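For the sequence shown, UniProt numbering assigns the number 1 to the initial residue and increments by one for each residue that follows.
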Amino acid sequence: MLKEINDGMNKLYRKSPLNNSFEVCVVIGLRKGSVLVDSHCYFKNTPEVNIKSVEQTFIKGTQEAKWLENKFQLQEFTISPLQPQELPFWAIILICLAALLTLVLLFLLCFLLAFCRRRRKGSYQIQQAAHGVYFPHLDMRKTY
1 MLKEINDGMN KLYRKSPLNN SFEVCVVIGL RKGSVLVDSH CYFKNTPEVN
51 IKSVEQTFIK GTQEAKWLEN KFQLQEFTIS PLQPQELPFW AIILICLAAL
101 LTLVLLFLLC FLLAFCRRRR KGSYQIQQAA HGVYFPHLDM RKTY
């Protein structure tokens with residue numbers, strides 16, 4: 001039944017004046033028992049596509065909104081455009097706080113690395129005395 005409704009909706013708009021702008025209809029909800037159907041129909045963003053033209057095409061294609069392909073009886077219908085989903089205000093603030101926390105942690109990590117490198121700066125030198133120490137047995141010059 002789901003496939004038949006999908007096919008009926010797609011045929012309805014493909015045979016209409018909106019066929020150049022029509023992309024697809026998809027049934028997203030089919031409630032068992034009372035057989036309520038929710039579907040989304042997608043159109044290209046063209047000047048000829050608006051709520052009124054989509055509604056009029058649906059009414060003409062369903063025999064005054066009574067039958068879909070002479071198989072499914074229609075009682076009520078509503079057409080409403082999908083609203084673009086925007087991030088809520090609290091989500092934007094949360095993203096900004098996370099970015100700020102990341103920057104602070106990165107700064108602290110760089111500071112910690114610089115501090116540790118500065119502390120170990122002289123630990124790998126052989127001569128650690130203030131004025132240096134001379135080791136005569138390491139002198140490679142000939143003394144004889």
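Even for Gly, the Cβ is constructed at its ideal location relative to N, Cα and C.
As the structure is a prediction and not an experimental result, all values here were calculated from the model.
- Going straight from the alpha carbon of Ala114 to that of Leu106, what length do you get? Working through the sequence shown from its first residue, we reach residue 114 at position 114. Working through the sequence shown from its first residue, we reach residue 106 at position 106. Near 12 Å, if we compare the C-alpha coordinates of Leu106 and Ala114.
- Message: So, at 6 Å on beta carbons, what are the nonlocal neighbours of His40 in its own chain, with the 5 sequence-adjacent residues on each side left out?
- Response: Within the sequence shown, numbered from 1, the residue matching residue 40 stands at position 40. So the list reads Val26, Ile28, once near-sequence residues are dropped.
- Query: Is there contact between the segment 71-79 and the segment 92-111, where contact requires at least three CB pairs shorter than 8 Å?
  - Reply: no
- Message: If contacts are defined as beta-carbon pairs under 8 Å, then Leu74 and Gly8 qualify, I think. What distance do you get, rounded to the angstrom?
- Response: Along the sequence shown, read from residue 1 onward, the residue named residue 74 stands at position 74. Along the sequence shown, read from residue 1 onward, the residue named residue 8 stands at position 8. Not quite, the Cβ-Cβ distance comes to about 11 Å (not below 8 Å), so this is no contact.
- Kindly list the residues whose CB is nearer than 6 Å to the CB of Leu12, restricted to its own chain and excluding five residues on each side of it in sequence; keep chain order. By 1-based counting over the sequence shown, the position of residue 12 is 12. Closer than 6 Å at Cβ, skipping near neighbours: Gly61.
- Query: Under 8 Å between the Cβ atoms of Phe48 and Leu18?
  - Reply: Within the sequence shown, residue 48 is the residue found at index 48, counting from 1. Within the sequence shown, residue 18 is the residue found at index 18, counting from 1. Looking at the sequence provided, one finds Glu at residue 48 rather than Phe. Yes, they are a contact pair.
- Task: Measure the beta-carbon distance from Asn45 to Val24 and round it to whole angstroms, keeping in mind my assumption that it falls under 8 Å.
- Result: Taking the first residue of the sequence shown as position 1, residue 45 is located at position 45. Taking the first residue of the sequence shown as position 1, residue 24 is located at position 24. The Cβ separation is near 15 Å, so there is no contact.
- Gln73 - DSSP class collapsed to helix/strand/coil: Position 73 of the sequence shown, counted from the start, is the residue given in the question as residue 73. Three-state result, Gln73: strand.
- Query: Buried or exposed: Phe58, going by 16 or more other Cβ atoms within 10 Å of its Cβ?
  - Reply: Locating residue 58 in the sequence shown gives position 58, where the first residue counts as 1. Buried, since its Cβ has 16 or more Cβ neighbours within 10 Å.
- Message: Taking the straight line between their C-alpha atoms, what separation do you get for Asn70 and Ile5?
- Response: In the sequence shown, the residue the question calls residue 70 occupies position 70. In the sequence shown, the residue the question calls residue 5 occupies position 5. Asn70 and Ile5 have their C-alpha atoms spaced approximately 11 Å apart.
- Query: What are the boundary residues of the alpha helix (DSSP H) that Phe103 is part of?
  - Reply: Residue 103 sits at position 103 when you count from the first residue of the sequence shown. Residue identity differs from the one stated: residue 103 is Leu in this sequence, not Phe. Looking at the DSSP string, the run of the alpha helix (DSSP H) that includes Leu103 is 89-119.
- Item | Pick from Cys96, Ile51, Glu64 that is closest to Gln83, judged by C-alpha positions | As a position in the sequence shown, residue 83 is number 83, starting the count at 1. With distances taken between Cα atoms, Gln83 lies closest to Ile51.
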